Amino acid sequence: MYSVLLFTVHCSLFTPCEAGNRIVAVVNDEIITEWDLTVRMSALMEEQEQPFENHDEAAQFRRAVLRRLIEERLLIQEGRRMNVTVELEEVAARVQELRRQFAPRERYEAMLQEAQLTEEQLKTKLREQLLMQRTIDQKIRATIVISPAEVQGAIKTVLTPTQPTHSAEGDVLVAHLLVRVSEQRSLEEARRLVEQLSQRLLSGEPFDRLAKDYSEGPHAEDGGHLGWVKPSEMIPELSEALSQLKPGEVSKPIHSHLGFHLVKVLERREPSSDDSPNSQDAVHHRLYQAKFVKAMQAWLDDLKRSAYIQVMEE
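Per the numbering used here, the very first residue in the sequence shown carries number 1; after that it's consecutive.
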């Protein structure tokens with residue numbers, strides 16, 4: 001449960017402290033320092049089995065991590081603006097869980113030392129994590145409504161003549177990595193990055209680690225794992241790829257209106273009598289997830305547009 005937190009706060013003992021106070025980004029009235037960036041990069045790099053092959057790969061990685069830090073800072077600031085509260089008792093309960101997880105006391109203290117954190121700093125990290133989760137819940141999750149008419153409309157779409165006539169479709173357990181085209185990244189830059197990532201996957205690097213580092217799609221923090229999906233419910237470009245991949249295989253780079261994708265089929269599941277495209281619960285879940293992803297991305301884009309963000313040059 002707390003692996004993401006520890007993953008983000010861990011820092012190598014060889015972090016160059018003399019440069020740690022240099023400002024790498026300003027987000028409204030707050031700063032992100034070289035130390036903040038190095039801490040996150042160090043943790044992510046320790047998860048990689050292979051070093052970067054060239055300077056471009058390292059630079060792309062640095063930019064992706066900094067972008068994630070900026071988005072997190074915006075979410076925290078928005079939570080404060082919305083007066084989202086996190087009780088001290090909630091943070092204390094999380095700390096107690098970590099103490100139990102890293103028992104005995106010596107192991108817990110070693111974890112803090114390795115992460116270069118005091119217990120107060122750990123509490124701050126936990127509080128911010130809860131604040132981000134709660135802000136997303138209030139701003140996005142609580143506003144998503146799926147009407148019965150939408151569910152029925154989606155079911156009818158599945159059963160149109162243009163779709164397969166069978167009543168049930170097998171599910172696919174999918175991991176997904178998305179590289180977006182933006183003002184900061186041209187189409188060709190996005191294409192080059194996803195091609196580099198594709199080569200790194202072919203050389204044996206784990207998909208989930210690269211997704212955590214680079215993906216700008218849903219569930220990036222979970223290694224890009226989308227869970228069980230039906231290929232026909234994905235965008236056409238991904239649906240076609242998912243229909244052809246075997247378990248364990250990764251697609252070639254796929255271009256869509258969202259950017260460039262890589263998808264990996266982790267497992268396939270044959271349809272059952274209860275696993276039908278017209279299952280109302282299944283359709284409701286997919287509609288909810290699609291609305292959440294779209295709303296979350298639009299919200300982040302809006303926060304960035306209305307914020308003062310300055311990324312310092314190297």
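For glycine and all other residues, C-beta sits at the position ideal for the given N, C-alpha and C. Values in this document were obtained by computation on a predicted structure and should not be read as measured data.
1) Taking 7 angstroms as the limit between beta carbons, can you name the residues of its chain near residue 267, skipping five residues before and five after?
2) Kindly provide the ranges of any alpha helix (DSSP H) runs that are 4 or more residues long and lie completely inside the stretch 14-97, ordered along the chain.
3) According to DSSP, residue 255 sits in a beta bridge with which residue or residues?
4) Do residue 126 and residue 91 have their C-beta atoms within less than 8 angstroms of each other?
5) Quick check: the Cα distance between residue 162 and residue 156, rounded to an integer number of angstroms?
6) Decide if the stretch 183-203 is in contact with the stretch 251-270; the criterion is three or more beta carbon pairs, one per stretch, under 8 angstroms apart.
7) Evaluate contact between the stretch 288-306 and the stretch 74-88, counting only Cβ atoms and requiring at least three cross-stretch pairs below 8 angstroms.
8) Given a cut-off of 8 angstroms, decide if residue 64 and residue 208 are closer than it, judged by their beta-carbon atoms.
9) Counting along the chain, where does the beta strand (DSSP E) carrying residue 297 start and finish?
10) Can you give me the Cβ contacts of residue 241 inside the same chain, cut-off strictly under 7 angstroms, excluding the 5 residues immediately before and after it?
11) Near residue 284, which residues of its chain fall below 8 angstroms by C-beta distance, leaving aside the five closest residues on each side in sequence?
12) Comparing alpha-carbon positions, which option in 59, 28 and 53 lies nearest residue 38?
13) For residue 34, which of 21, 115 and 81 has the nearest alpha-carbon?
14) Do residue 177 and residue 202 count as a contact pair if the criterion is CB distance below 8 angstroms?
15) Here's the rule I'm using: 16 or more other beta-carbon atoms within 10 Å means buried, otherwise exposed. How should residue 190 be labelled?
Result, derived from the coordinates:
1) In the sequence shown, residue 267 corresponds to position 267, counting from 1. So the qualifying residues of the chain are 173 and 247.
2) 34-46 and 55-81
3) By 1-based counting over the sequence shown, the position of residue 255 is 255. DSSP output for residue 255 lists 260 as bridge partner(s).
4) Within the sequence shown, numbered from 1, the residue matching residue 126 stands at position 126. Within the sequence shown, numbered from 1, the residue matching residue 91 stands at position 91. In this structure, residue 91 lies closer than 8 angstroms to residue 126 by Cβ.
5) The count along the sequence shown starts at 1 and reaches residue 162 at position 162. The count along the sequence shown starts at 1 and reaches residue 156 at position 156. With a pLDDT of 44 at residue 162, under the threshold of 50, the modelled position of this residue cannot be trusted; read the value that follows with caution. Looking at the two C-alpha atoms, the distance is approximately 11 angstroms.
6) yes
7) yes
8) In the sequence shown, residue 208 corresponds to position 208, counting from 1. In the sequence shown, residue 64 corresponds to position 64, counting from 1. No. Outside cutoff.
9) For the purposes of this step, residue 297 is taken as residue 297 along the sequence shown, with counting starting at 1. Here residue 297 belongs to no beta strand (DSSP E); instead the alpha helix (DSSP H) covers 280-306.
10) Within the sequence shown, numbered from 1, the residue matching residue 241 stands at position 241. These residues qualify, in order along the chain: 251, 254 and 263.
11) Translated into the one-based positions of the sequence shown, residue 284 becomes position 284. The residues are 146 and 151.
12) Within the sequence shown, numbered from 1, the residue matching residue 38 stands at position 38. With distances taken between Cα atoms, residue 38 lies closest to 59.
13) Counting from 1 along the sequence shown, the entry for residue 34 is found at position 34. Minimum Cα distance to residue 34 is reached at 21.
14) Counted from its first residue, the sequence shown places residue 202 at position 202. Counted from its first residue, the sequence shown places residue 177 at position 177. No, they are not a contact pair.
15) Locating residue 190 in the sequence shown gives position 190, where the first residue counts as 1. Buried, because 16 or more other Cβ atoms sit within 10 Å of the Cβ of residue 190.
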